[in-house]
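Please read the structure below before turning to the comments.
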Amino acid sequence: MAEQCAFCGNKHLTAKTTRYLHRHGEELLFVEHVPCVECDFCGEQYFDIAVLKKIEADHLEIAEQRKLPQRYLRVAVEEFKAPAGIAL
């Protein structure tokens, strides 16, 4: 696991849990209470490869209907429209 933040160089990292969003094609999976190490300065998060592989495997099982998720969320989708005067 990271000993310093690769993004900002800060050496103060804290072990915590977070919500992780995994995308598989058009399918999204929110996973609660995922262990990570987070930079105290910029918030960049680092995950153990075994944790990410488990999330990936669980999502594949759900996508293939071999496993049911614990619950479902309704998610709104909006396309960004720039306000007048802002070029994209």
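Just add 1379 to the spot in the sequence shown (first one is 1) and you have this note's numbering.
We put the CB at the ideal spot given by N, CA and C, even for glycine.
Everything numeric in this text was worked out from a predicted model, so none of it was measured.
Near Glu1423, which residues of its chain fall below 8 Å by C-beta distance, leaving aside the five closest residues on each side in sequence? Cys1384, Ala1385, Phe1386, Cys1387 and Glu1417
Looking only at its own chain, which residues have a Cβ that is under 7 Å from the Cβ of Ala1381, when we skip the five neighbours before and after it? Leu1392, Val1416 and Tyr1425.
Taking contact to mean at least 3 C-beta pairs separated by less than 8 Å, is the stretch 1425 to 1438 in contact with the stretch 1451 to 1466? no
Taking Val1454 as part of the alpha helix (DSSP H), name the residues at either end of that continuous run. Per DSSP, Val1454 belongs to no alpha helix (DSSP H) and is neither H nor E.
By the 10 Å Cβ neighbour count, where 16 or more other Cβ atoms means buried, how is Val1456 classified, buried or exposed? exposed
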